[in-house]
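Encoded as structure tokens, the structure appears first; notes follow it.
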Amino acid sequence: MNVENNKAQMRKGILEYCILLVISGNSCYASDIINKLKEARVIVVEGTLYPLLTRQKNAGLLSYRWEESSQGPPRKYYELTDQGREYLAELDKSWDELVESVKLIRKK
Amino acid sequence: MEKSIKINIAGVIFQINEDAYELLRDYLQSITAKLSNIQGGSEMIDDIETRIAELFQSKPSWQTAVISREEVEEMISTMGSPEDIAGDLESETEGGTYHRQYKKLYRNYDNSIIGGVCSGLSDYTGIDSVWIRIVFVLFTLVYLIGALVYIILWIALPKTGTTAYNRKRERREKPVKTSRSDIRKTDSTSAVGNAINEIFRAFGKFFIILFRVILAIIGVAFIISGFTALFSFFFVSIFHSTLLMPDIFDNTVLYLPDFLLFIADPSLSVWLIILTSLVIVLPLLALIYWGIRMTFQFRVRDLALNLAMLIIWILSCVALSIICFTQGISFSDSYRTKQEVSLPSNDTIFVRLDDRVSSLEYQREVHLPFEPLNMYLDEDKDIIYVSPELNIYHTDDNAFIEIVKYSSGHSRSDAISKAEKLIYDINIEEDTVELDEFFTLPPGKRWSGSFVKIRLHITDNMVIYFDEDVENLMHDDYFGCGVYSWEAGGKYWLMTEGQLEQTN
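Residue numbers (the working numbering), protein chains in the order written: chain A, 788 to 895; chain B, 654 to 1157.
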């Protein structure tokens, strides 16, 4: 058993949930998402975000639109779809349950 | 001094050190290799490149400074190694459950040689494309089976799966150049495999070029023949002459607008001209158009145009046939009536012309190129006159003259009634046979395959004399019984054992 490995697994488990949470606030582009996730210290390397975004987009949870940018190439702004919102609500519930479960066990 | 290179990442230009460039290139290549086989991979690569450009731009003096190796290393540590990025997804591919159901058989243009069929199959099966190509070539040696299967798959399989294609689709809003354009997907093919693939590639290019050359040659032939036919058509119909081939038809060129007056109601002849021109010209234009397309091999969306032209052509054909049918311009059935008149039993018979064409008042005339026949139209009386044809035969019994009237019609009874209504009379007075230079159609009637043939049947030992101008009735070069038309007139002929001989 490796404690680092375990921590990484836990982070990975909640990463998709966190991405949906960030996007649910405001439509945002990849750098915004990265900054927020870094702030919250849930990702270490940025590259891992992209496969997850693509997967969520392919699953119909996200959509994006292009917006011109004054500094460089046009940016993809991500938004939650209706399906994504339902999905997020489910995750919210299951997260609360998880926290409750852990709390309950810790108290004993 | 260090060499620096100008690169373009996601549409932004950077100056970069050579060794930094190599590191960056290797990094992008290995990310591309890991992601490009995954659904949505090319999109991820684009996004990652965009982010890399942003990271480099976040340095205050990025527009003037040269990116160093350290900066690239820093960027890589921020972004994570290719394994970090693709880690999740690779396990999915290996596990097979998630990815399999999305995996489809397509043609892969990225690594294609001819149509991308083999590289598509390679992507699908995981077998190296070299082996698949070898199998196809081997099977082509067996009755061309390989080539046939290849062509069928080429047609049947969709051409998705090319990163360039996907990118174009996803980025329709704004096309952006990326540095990846010069970084090809790296195959896991071995060195020998690469060499074999190169050979295949060369062969593939050769066959594609050969195919295009053949196509272009056919195209040029189409263009030339199309233009020649079109040109001739317009020359004949507008200028009433064949500029290109004056001798082929012996100058008896059918002038369509005039000819139509002879076979159809004048009020309809305009429509007939338009429709006939459409029926003839449209296929020629199509021939030229396809010739140009085959020669220059460009792509256009012309399905609608082609369909419209086809429909117009079919409608013209239908309209033309309807007009022809209602006008009775139908030559589907033909009939002939025969009439025999005995000749006087004199030793010598004289053949003369009676009514002549020169005495007629006609405004238009045509000469049929395919039948030795002249037609004249009197527009005031609406009467058509046509020249008959005279020939001579030998008979053992009594001498007689035979008049055969031919006509066509849409049915047998129609043909019979038309043939019977042709007016042609002969006069026989003592030893003289008088023939008119024309036969007459009933007023208002149009020509429908109407002919009159006059056949003289002469016994041995009879002498026959033709006036010079009777030659006008001899449309065939060969008059009969050993005599040619141009030598028959103005002479006495003696029939001996079926042959005519000149006599005094």
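Glycine residues also receive a C-beta, built at the ideal position from the N, C-alpha and C atoms.
- With a contact defined as Cβ atoms closer than 8 Å, residue 816 (chain A) and residue 862 (chain A) qualify at about 4 Å.
- Taking the Cα of residue 802 (chain A) as reference, the smallest distance to any Cα among A:873, A:814, A:864, A:832 is reached at A:832.
- Chain-ordered, the chain A residues with CB closer than 9 Å to the CB of residue 737 (chain B) read 831, 832, 834, 835.
- Within chain A, the C-beta atoms nearer than 9 Å to that of residue 693 (chain B) come from 838, 841, 842, 844, 845, in chain order.
- In the DSSP annotation of this structure, residue 1132 (chain B) is not part of any alpha helix (DSSP H); the continuous beta strand (DSSP E) holding it starts and ends at 1131 to 1133.
- In the DSSP assignment, residue 1148 (chain B) forms a beta bridge with B:1153.
- For residue 1136 (chain B), the closest of B:1077, B:810, B:1153 by C-alpha to C-alpha distance is B:1153.
- Here residue 1020 (chain B) is bridged, per DSSP, to B:1027.
- In this chain, residue 1101 (chain B) is not harboured by any beta strand (DSSP E), its DSSP state being neither H nor E.
- Taking 8 Å as the cut-off, the beta carbon of residue 944 (chain B) is found no closer than this to the beta carbon of residue 1062 (chain B).
- For residue 800 (chain A), the enclosing alpha helix (DSSP H) has its first and last residue at 790 to 812.
- By the Cβ neighbour-count rule, residue 797 (chain A) is exposed, with fewer than 16 other Cβ atoms within 10 Å of its own.
- Around the beta-carbon of residue 835 (chain A), 16 or more other beta-carbon atoms lie within 10 Å, marking it buried.
- In the same chain as residue 1143 (chain B), and ignoring 5 residues on each side of it, the C-beta atoms closer than 6 Å to its own belong to 1121, in chain order.
- Of the residues assessed, residue 693 (chain B) falls on the buried side of the cut-off, its CB having 16 or more other CB atoms within 10 angstroms.
- When DSSP states are grouped into helix, strand and coil, residue 715 (chain B) belongs to the coil group.
- Within the same chain, 1063 come within 8 Å of residue 978 (chain B) by CB-CB distance, once the 5 residues on both sides are set aside.
- If you draw a 10 Å sphere on the C-beta of residue 1071 (chain B), you find 16 or more other C-beta atoms in it, and that means buried.
- Contact between the segment 1095 to 1108 of chain B and the segment 999 to 1018 of chain B is absent: fewer than three C-beta pairs spanning the two stretches fall below 8 Å.
- Put simply, the CB of residue 857 (chain A) is far from chain B, with every gap to its CB atoms at 8 Å or more.
- For residue 682 (chain B), the enclosing alpha helix (DSSP H) covers residues 671 to 688.
- Residue contact check for residue 696 (chain B) against chain A: a CB pair falls below 8 Å.
- Assignment of beta-bridge partners to residue 815 (chain A) by DSSP yields A:865.
- Between residue 697 (chain B) and residue 837 (chain A) a beta carbon distance of about 5 Å is seen, short of the 8 Å cut, so the two are scored as contacting.
- Among the residues facing chain A, residue 722 (chain B) is not included, as its CB has no counterpart in that chain under 8 Å away.
- At least one CB of chain A lies nearer than 8 Å to the CB of residue 733 (chain B).
- About 5 Å separates the CB atoms of residue 1103 (chain B) and residue 1060 (chain B); that is less than 8 Å, so the two are in contact.
- Rounded to whole angstroms, the separation of the alpha carbons of residue 805 (chain B) and residue 775 (chain B) is 17 Å.
- Per DSSP, the unbroken alpha helix (DSSP H) holding residue 776 (chain B) starts and ends at 770 to 778.
- Excluding five sequence positions before and after residue 991 (chain B), the CB atoms of its chain that fall closer than 7 Å to its own CB belong to 1055, 1057, given in chain order.
- By the C-beta criterion, the segment 992 to 1000 of chain B is judged not to be in contact with the segment 879 to 886 of chain B, since fewer than 3 inter-stretch pairs fall below 8 Å.
- In this structure, residue 1003 (chain B) places its C-beta atom within 8 Å of the C-beta atom of residue 1084 (chain B).
- Bounds of the alpha helix (DSSP H) holding residue 845 (chain A) are 836 to 845.
- When the alpha-carbon of residue 958 (chain B) is set against those of B:939, B:968, B:971, the nearest one is in B:939.
- For residue 1143 (chain B), the secondary structure class from DSSP, reduced to helix, strand or coil, is coil.
- When secondary structure is reduced to three states using DSSP, residue 668 (chain B) falls in the strand class.
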